[in-house]
Structures are given as C-alpha cells and as structure tokens.
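Working notes, structure below.
Residue numbers (the working numbering): 62 to 503.
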C-alpha cells in the first residue's frame, strides 16, 4: 500500500469568469446484495440500497490523499478499500476481507481476489466501482460483490499536456457521473461511458501553461491539487491557491450541475477574522459542505460555518475548550473531534517528533455546534499500547470509525526511523460511548 503526501499548489484565478457546459444527471437508488465473505464463511444475503448521490461523510477531505481507507456505504454495511477489499457490518461491527476464494490467506497479491489498489470507491449496483491507483486514476474498474470478476469498466479521457499527469485529485461519483480533473480541466463522464464522451465542464484559456493573474496567483498546472465535492445540485472544488507573495489560501469554487458559471464562493478566513490556528491563513484543518454551507474546524482554534450564498461566517462552538488541537470528521448530523498532540514544527524537530499523535478522547457535537458528550479512548491505549497514532476516518448516525497505528523507532545513520508495528480498525458508539476494535489490518 502506497502512502501519499498531499501536495498543494496554485490555481488560476481566471476560473471565476469561466462558463461551464450544462451538467445534468438523474438521481435514484440501486438495489444490491451483501457480499460473499472471506474463506471463513459468507455474509447473509439481504436487499440493500445505495444512494446515487455523492456519499459526503465517507469522503473526509483531509484524509483522502493520505493513504487512509476509503469507504462505500450500503444499508447493511460498508465496503472498505485499503489495499484489500473489506466488508463491515453496521449492526455488529464484524469486519472481514471480501475474497470469495476458499482457503485464501489474503497475502499473495497475484492470487487473492481481495487485493485491490489504493482506491476511492465510487458507487454500487450489483458491482463495486472504483478508480485511483498509483497516483494515476486513468481507469474506472469494477468488481463483483464477492471480489471476483475484476474488470476495467472504462478508460478516462486525460489531457497529454504533461507527462506526469500530476494535476488531479481522486475522482468522485454523483448521480450517474464520474467527475475528475486532468491538467486543470474538470471532466465528467457517465459511469461506463466511452472515453471520448467525457465533457469538459471548465478549462483555463491556456491549459498546461504557467500563468500569472495580476497579483493573485502564480499558476503552474503540474502542481495543482483539487478536492472535488458534490452537494445536491451543486458541484464544488477546493484548491490551495499560491499568491504572488508566496502565501497560500484554500479557495472554494462551485458550479451547478444544470449549468452555470464557475465562481468563487469561499476562501480561508484571515486571522483577524477568526483568530490564530495551526495553519493560519493557509488552510483549514477539516471542512464539510452540506445544504449550501461549508462547516470547518480550525485546529488550535474553533468550529465555524459559512453560508455560501451570503458569505456570512459564524462560530458554532468553542472547541478549544475541549481540546486545544485536534482533527475532525463530519456527517450531515454530527461533528466528531479527536484530541491530538501536534507535531513539532521547530527547526530541531526529529522525524519522530513531527508525527501528529491521537489523544485520549473524541468529543461529539451536533453539526450545529451543540456539544453532546466525551468518548474516552483509554481502552485503546490499554489494549494496543503506547506510541499511538489515531486517525478519524468517518462518522455515521451511530458510530465514529478510526484507525490506530503503533510505531516504534530505531536510529539509522543518526536519524530516527519509524517502523509500523500494527494497524487496527476501531469504532465508538455515539450513544453509549462504547469503544471496540473491529479488525486487525496489520
């Protein structure tokens, strides 16, 4: 499994004046069945429904390019992609590798059905669709619910302006379309559609060329990262804009799925507006868009909401009263905040001290900022040990899911070298606060 560091660079400010082609697509639900399990048995077969809309709470914005699991929800459970394909039952928390091959130990990458690339999961009918592999999501692939019958569904149309094709983010799926970016051009194509049927929703005037736009942006297409998002009838994309004075800002753009101009609707707030935080003036620690508003958490600061139609920003909660630093995950109902110890940013920092470590509690808020409860993570340390790195993955209506990694350090050539000891998958019940390990990933 490859780990990827999210690189951020410039975006052309001229996007504000671009006009997108019409975008439309029907919504609906698809009936599915639960998968056959690993060699230990099979899951029961039951009818499930998977929404045709972008599954927002499963695409947490900070974790997407960080080598963390990706998820796809059905009524009865979750498929999880993390080098292997897993299935997690919602009711019991039981997790298993989805392989479908008798007596397979899921270690041979050439023979195990469950071995898949590091992926983003797109949608589900009678098959699972996914894209994104080795930093180059040129194809959409699919697999049967028991992880057999791996197929290439379609090839994505990519520009050949740069050899590296580094200007992209992982594709998303929404209402029948796959949305993706290649060398600054945002495309959409019907799931399963022909390569040449991809539509360009917008494109800069001279895609692929380094450009300057007044005193705002120094723009190079080979360094751009876009985070794509969909909320109802609106498509969003976030980019970290490099200004001419060398500073950066997260900037959010939107267009309607039924056509309209690309326009800027939000930018990272300044310190004189909301105060200082860990990456003051550069980027927010986590954001989530629903019902026309962006909700964002600032590590070292607090929790805010901006109405994207009016631009009005309000503080929803003084989260620093619970934990000075942390990371968050969202759903349409909740925000979960993990207390954390930030990495050492000083000049004398070592590789070990740079690591951001998960803390001893998760704090539950309603999306509107109402504080609900503290969920203790003492059990995690008791069962796993010290040197824990905890990463929140996603939250649904009943549980928050998180990954726990243990790391030991040795010295090589005078420098500390981290060695991953174990990776486990956990969840915490939002109602009872019960915390349980549900799978040993490594």
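Yeah, the Cβ is synthetic: ideal placement off N, Cα and C, and Gly gets one too.
A direct Cα-to-Cα measurement between residue 468 and residue 357 gives close to 30 Å. Going by beta carbons, residue 435 and residue 452 fall outside the 9 Å limit. In this model, residue 251 and residue 259 are separated by some 8 Å (Cα to Cα). Inter-segment contact for the stretch 142-150 and the stretch 177-191 is present: three or more beta-carbon pairs are separated by less than 8 Å. Here the alpha carbon of residue 375 sits roughly 43 Å from the alpha carbon of residue 158. If you look at residue 156, you'll find it isn't in any alpha helix (DSSP H); it sits in the beta strand (DSSP E) that goes 156-158.
Its Cα nearest to that of residue 289, the residue 349 stands out among 329, 361, 349. Within the same chain, and ignoring the five residues on either side of residue 448 in sequence, the residues whose Cβ sits closer than 6 Å to its Cβ are 467, 468.
Annotated three-state conformation of residue 480 is strand, per DSSP. Secondary structure at residue 150: strand, using DSSP grouped into helix, strand and coil. Residue 374: member of the beta strand (DSSP E) spanning 374-378, first to last residue. Annotation: residue 317 to residue 500 spans about 40 Å, alpha carbon to alpha carbon. The Cβ-Cβ distance between residue 246 and residue 120 does not fall below 9 Å. Under DSSP, residue 185 takes part in a beta bridge, and its partners are 189.
DSSP, read as helix, strand or coil, puts residue 334 in helix. Within a 10 Å sphere around the beta-carbon of residue 388 sit 16 or more other beta-carbons, which makes this residue buried.
Look at residue 214 here: in three-state DSSP terms it is strand. DSSP links residue 138 through a beta bridge to 150.
Around the CB of residue 163, fewer than 16 other CB atoms lie within 10 Å, so the residue is classed as exposed. Taking a 10 Å sphere around the C-beta of residue 256, we find fewer than 16 other C-beta atoms and assign the residue as exposed.
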